[in-house]
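This report concerns only the one structure given below.
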Amino acid sequence: MPSKPDAPRAKTARRNALSTVAACMTLGLAAPARAADAPPADSAPVQSSDSPIADYFANWQNRVEQAQASQPHWMTPMTTVTPRLEQEYRYDQYKQYLQNGAQIDNFGGGKGLELIPTTTNEILLNIPAYQHRSNVKPATGFADGNFVTIKQRLLSANEENGNYILSAFLGVQAPTGITAFTNRPAWIVTPTLAGGIGWGDFDIQGTVSLPLPTDNLHAIGYSIVTSATLQYHFWEYFWPEFAFNDTQWTSGVRAGRNQLFVSPGIVFGRFQIYKRVKLSFGISYQVAVVPDHAITVPLTPVYNHAWLLSMRMTF
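Next up, the structure:
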């Protein structure tokens, strides 16, 4: 088992990563509105009342429309967290096949409610995934919960003004899962930079994350997690994609190891249900290509292949 990382260096790395994302978010909040961020012409504010709180909620959808009008209108990929601001409810479901013969059914995928409270921010309130493991070491119960993520959009332009976006996230995972599916007692704080650029009907969206555990470092360790999705749009409702998800462990029980998944998939949408309410759904097949052989102690990759389903209701 690799030795524990030097404590002062680990604390310095964690502090620097958090400071970088915090600075990005502060700059995003303080930055004046860009020309590309101007509200759409038909997004008139609701007449002011005597209550600032009532005004805030009365103008909620106007802010959502303004935020989304000033960014690309790409589809949220299956396995890459989009840098775009979205307001939706999302439910995912996975079927994972492990190298040791175990299978894991994941209900919910750790997704949930996504809201746009300002013209440059999003808050994700996620529900812990419910998992069922069969064949090997059977277990059923909730996993740890990525219960909140804050997005700060830093730069954006819609398709008519440049077709790009850059955002910073800060997510927090709580050790709420059952013994079989938890990193207890560690909380995990994850700063992320996300961006995307498009050319006509084609776009690329990607993220770089640094999960920072607060405890149990000798087992969890530090890692660099990257994701990228190549996406194409045609016939209004079709969004085929090809994704890459990579994890490079720098410490912990998997120190020096790397896993890479590739995922062909497609999302269908956005189908209008009522006014702003629209439905999208997708399917993807994910398979590990690195390492090219199964390492069983500990499992690397963490699973061999998986089927992914996703449903989103935007509003």
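Read left to right, the sequence shown gives residues -35 to -1, 1 to 280 (mature numbering (1 follows the signal peptide of the UniProt record, and there is no 0)). Here a beta-carbon is modelled for each residue, glycine too, at the ideal position from N, C-alpha and C. These figures come from a predicted structure and were not determined experimentally.
Residue of 178, 211, 280 minimising C-alpha distance to residue 251:
In the sequence shown, counting from the first residue as 1, residue 251 sits at position 286. For residue 251, the nearest C-alpha among the options comes from 211.
If residue 160 and residue 168 are in contact, beta carbons under 8 Å, what's the gap, nearest whole angstrom?
In the sequence shown, residue 160 corresponds to position 195, counting from 1. In the sequence shown, residue 168 corresponds to position 203, counting from 1. Not really, about 11 Å apart at Cβ, beyond 8 Å.
Cβ distance (whole Å) where residue 209 is taken to contact residue 192 below 8 Å:
Start at 1 with the first residue of the sequence shown, and residue 209 comes out as number 244. Start at 1 with the first residue of the sequence shown, and residue 192 comes out as number 227. Confirmed, about 7 Å.
Mark residue 90 as exposed unless 16 or more other C-beta atoms lie within 10 angstroms of its C-beta, in which case mark it buried.
Counting from one through the sequence shown, the residue named residue 90 turns up at place 125. Answer is exposed; the Cβ neighbour count stays below 16.
Residue from 116, 224, 26, 71 with nearest C-alpha to residue 94
Mapped onto the sequence shown, residue 94 falls at position 129. Closest option to residue 94, Cα to Cα, is 71.
What do you get for residue 87, buried or exposed, if any count of 16 or more other CB atoms within 10 angstroms of its CB means buried?
To locate residue 87, count along the sequence shown from 1; it is residue 122. When all chains shown are included, residue 87 counts as buried.
Whether or not the stretch 49 to 65 and the stretch 178 to 185 are in contact is what I'm after, with contact meaning three or more pairs of Cβ atoms, one per stretch, closer than 8 Å; do they touch?
no
I think residue 194 touches residue 51, with their Cβ atoms under 8 Å apart; what is that distance to the nearest whole Å?
Working through the sequence shown from its first residue, we reach residue 194 at position 229. Working through the sequence shown from its first residue, we reach residue 51 at position 86. So it is not a contact: roughly 15 Å between Cβ atoms.
Take residue 110 and list the residues in its own chain whose beta-carbon comes closer than 6 Å to its own, dropping the five residues that flank it on each side.
Start at 1 with the first residue of the sequence shown, and residue 110 comes out as number 145. Around residue 110: 93, 139, 141.
With C-beta atoms as the reference, is residue 150 less than 9 Å away from residue 177?
Position 185 of the sequence shown, counting from 1, holds the residue named residue 150. Position 212 of the sequence shown, counting from 1, holds the residue named residue 177. No, these two residues do not count as a Cβ contact at 9 Å.
Could you tell me which of 277, 228, 221, 22 sits nearest to residue 263, measuring between CA atoms?
Position 298 of the sequence shown, counted from the start, is the residue given in the question as residue 263. Considering only alpha carbons, the answer is 221.
Determine the direct distance from the alpha carbon of residue 67 to that of residue 244, and round the result to whole angstroms.
Within the sequence shown, the letter at position 279 stands for residue 244. Within the sequence shown, the letter at position 102 stands for residue 67. Looking at the two C-alpha atoms, the distance is approximately 33 Å.
Beta-carbon contacts of residue -6 that lie in its chain and below 6 Å, excluding the five residues immediately before and after:
Along the sequence shown, read from residue 1 onward, the residue named residue -6 stands at position 30. Since pLDDT at residue -6 reaches only 43, below the 50 mark, its modelled position is unreliable, and the value read off the structure follows with that caveat. For residue -6, where only same-chain residues beyond five positions count, there are no Cβ hits under 6 Å.
Report back the beta-carbon spacing between residue 49 and residue 83 to the nearest angstrom; my notes put them in contact at under 8 Å.
Numbered from 1 along the sequence shown, position 84 holds the residue referred to as residue 49. Numbered from 1 along the sequence shown, position 118 holds the residue referred to as residue 83. Their Cβ separation, rounded to whole angstroms, is 15 Å, which puts residue 49 and residue 83 out of contact at 8 Å.
Identify, in the order they occur along the chain, each residue of the same chain with its Cβ nearer than 8 Å to the Cβ of residue 113, setting aside the five sequence neighbours on each side.
By one-based count along the sequence shown, residue 113 stands at place 148. Once the five neighbours on either side are set aside, the close Cβ partners of residue 113 are 88, 89, 90, 91, 136, 137.
Considering Cα atoms alone, identify which of 238, 259, 158, 260 is closest to residue 277.
One-based indexing of the sequence shown puts residue 277 at position 312. For residue 277, the nearest C-alpha among the options comes from 238.
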